[in-house]
Structures are given as structure tokens and as C-alpha cells.
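> Numbering (this note's numbering), first residue to last: 3 to 279.
Questions regarding the structure given below will be posed in turn.
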């Protein structure tokens, strides 16, 4: 074998035997590695570099991403203009809504406030009022059509669009303003009152008028009055009895309960006179 290959370094080859290192050499090697590890840490950067006036600063340093836009707290006045502040009042499922709708059809129980105490909602108010506005405006026109064709089949008939505006003003105005009026009146009298629960109570009290409008299409005046008075009486009892149970600690509020009963009856009569004449 040629002696020129005898002096080649073979320690880096696989299977080669490592050279013997003394303890002093190991210590110096470990010190060198530690000094390398203690060097400045790498600073991650992102591309592209700063633009415009900050171009001289070079590349941007990768930082922790900032948090998203914060929601306005509910106790801040700006929270009243934030949609997310009202999401909790619509947090109900179908079973809960159906249970409350069925309770409004049994007005003598007087336990509605105990059912909504944990989670009073505004979903029933919005849904029932919107449905009732549509039903009154559409079936009211159908009722006038049937009456006109019964009296004079040759008389022309025109759909009255004003029924929609009248129904929306009546139903939404009643369901919003009347509970507010009772709330401030009871507060002024020193009685406990909760506006959200009042809105929930009056909203569900209007549900009975939704199925009642269908038999009101029968072109018999006496039967129409019987149907609307029964529906109005049931709705009035629902509001009055639940309101009395809610204010049972106050014995001098009988006039308030009577006023709630009377307003529901006035609403039912107004529905009959204006939409089903």
C-alpha cells in the first residue's frame, strides 16, 4: 500500500475509532460550547421591511399579535348601542318558548313569572308581535272582502295597505309602551317592578290573538263578538292574575291590576272594530 495514504485523517469516517481526549481537553471543550450557547438569541423578523418613513429601521420584529376589538361593557352607555348587549335576552330555545306560549293559553294558573324568573326573554315579544301584525293585516283584508261579497257580490274590492301600518303601530306600540307605563307607575308607588319581565309578560299575553283571528273570518257578527271577547278575557286574566301574584306583597295596588285587565279588553275590542268590522 502506498505510504501517502497513511497520514490521512479518518476520525470523521463512519466506523472509525475516536481519538482519546484527555480530561483537560473535555473541560475546555465544554466551556467553549457553553459560551456559544450563552450568546445573543436570534430575533425573528418578518418580511417585508418597514415602509415609508420607517424604512431606515430595516425589517420588522415579529411580535405577539394584538387582541381583537373589545366589546363595549354593558354598564357603559355605549353598550346600549351594541347589538351583543341584547343577545342574552334572546337566548332561549324552542322548548322554552313553547312552554311559555302554552302558559299564556291557561291564564288562571298565575305562575308565569316563576317560569321566566331565571331567564326572561324578548324573543317572544318580537316574534309574537311580528306574527300578529302580519295576521291582522292579511286576515283583516280577507274579512272585509268576505263581508263585501256577502252584501254585494258585484261591488269592487281593493286591498287596504293601511292595515299593515295600523296593525304595526297598534301592536308594537301597545306591547312596548304599556309595560313601560306600568313599570314607572309601580316604581313611583314604591313597589318592586322589572321592565324586562313586564315586556315578557305583555308580549306573551298577545299570543292568544294569533289563532283567534282565523275564526274571526266567519261572516257572522254575533259569533265574531263572542270569539274576540273570549280571547280578550283570557288575555286580560293572564296579565291581571300574573301581575297580582307578582305584586302580592302590596295590597293597595288593586287599581293597577284592574287597569291592566281593562287595557287588554280595550285592545281586543279595538282589534275587532278596526280589522274585522
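Ideal Cβ positions, reconstructed from N, Cα and C, are used throughout, including at glycine.
#1: What's the gap between the Cα of residue 216 and the Cα of residue 147?
#2: Work out the CA separation of residue 155 and residue 261 for me, nearest whole Å.
#3: Do you know how far the Cα of residue 130 is from the Cα of residue 214?
#4: Just verifying my parser: in three-state terms, what is the DSSP assignment at residue 94?
#5: Assuming the contact rule is C-beta atoms closer than 8 Å, residue 210 and residue 236 should be a hit. Round their C-beta distance to whole Å, please.
#6: Within 10 angstroms of its Cβ, does residue 224 collect 16 or more other Cβ (buried), or is it exposed?
#7: Pull up the distance between the alpha-carbon of residue 200 and that of residue 165, whole angstroms please.
#8: Under 7 Å from any heavy atom of the ligand MN, does the C-beta of residue 90 make it?
#9: Should residue 264 be labelled buried (16 or more other beta-carbon atoms within 10 Å of its own) or exposed?
#10: In terms of residues, what are the limits of the alpha helix (DSSP H) holding residue 234?
#11: What are the start and end residues of each continuous alpha helix (DSSP H) run of 4 or more residues lying completely inside the segment 120-191, in chain order?
#12: Write down the C-beta distance between residue 207 and residue 106 rounded to the nearest angstrom, noting that I regard them as a contact closer than 8 Å.
#13: Say whether chain B places a C-beta atom closer than 8 Å to the C-beta of residue 152.
#14: Leaving out the 5 sequence neighbours to the left and right, which residues in its chain are closer than 8 Å to residue 187 when beta-carbon positions are compared?
#15: Can you tell me which of 124, 102, 133 and 233 puts its alpha carbon nearest to the alpha carbon of residue 266?
#16: Between residue 247 and residue 161, how many whole angstroms is the CB-CB distance? I'm expecting something under 8 Å.
#17: Does residue 219 come out as helix, strand or coil in the three-state DSSP assignment?
For this structure:
#1: Taking the chain shown and counting its residues from 1, the one referred to as residue 216 is at position 214. Taking the chain shown and counting its residues from 1, the one referred to as residue 147 is at position 145. Here the alpha carbon of residue 216 sits roughly 14 Å from the alpha carbon of residue 147.
#2: The count along the chain shown starts at 1 and reaches residue 261 at position 259. The count along the chain shown starts at 1 and reaches residue 155 at position 153. Between residue 261 and residue 155, the C-alpha separation is close to 43 Å.
#3: In the chain shown, counting from the first residue as 1, residue 214 sits at position 212. In the chain shown, counting from the first residue as 1, residue 130 sits at position 128. Approximately 13 Å between the Cα atoms of the pair.
#4: Taking the chain shown and counting its residues from 1, one reaches residue 94 at position 92. In the displayed model, residue 94 falls within coil according to three-state DSSP, outside both helix and strand.
#5: If you number the chain shown from 1, residue 210 lands on position 208. If you number the chain shown from 1, residue 236 lands on position 234. Residue 210 to residue 236, Cβ: 6 Å. Contact.
#6: Within the chain shown, residue 224 is the residue found at index 222, counting from 1. It counts as exposed.
#7: Here the question's residue 200 lines up with position 198 in the chain shown. Here the question's residue 165 lines up with position 163 in the chain shown. One alpha carbon belongs to residue 200, the other to residue 165, and they sit about 27 Å apart.
#8: Within the structure as shown, the ligand MN is missing, as the structure has no ligands at all.
#9: Taking the chain shown and counting its residues from 1, one reaches residue 264 at position 262. Residue 264 is exposed by the Cβ-count criterion.
#10: On the chain shown, position 232 is the one that residue 234 refers to. Run containing residue 234: 223-248, per the alpha helix (DSSP H) assignment.
#11: Here the runs fully enclosed are 125-153 and 164-190.
#12: To locate residue 207, count along the chain shown from 1; it is residue 205. To locate residue 106, count along the chain shown from 1; it is residue 104. 6 Å between Cβ atoms; contact.
#13: Chain labels in this structure do not include chain B; a single protein chain is all it has.
#14: Position 185 of the chain shown, counted from the start, is the residue given in the question as residue 187. Annotation for residue 187: 258 place their beta carbon closer than 8 Å to its own, counting only its chain and skipping 5 residues before and after.
#15: Against the chain shown, residue 266 aligns to sequence position 264. Comparing Cα positions, the closest option is 233.
#16: Sequence index remark: in the chain shown, residue 247 carries index 245 (1-based). Sequence index remark: in the chain shown, residue 161 carries index 159 (1-based). About 44 Å separates the two Cβ atoms, so there is no contact after all.
#17: Stepping through the chain shown from its first residue, residue 219 is reached at position 217. Correct three-state label for residue 219: helix.
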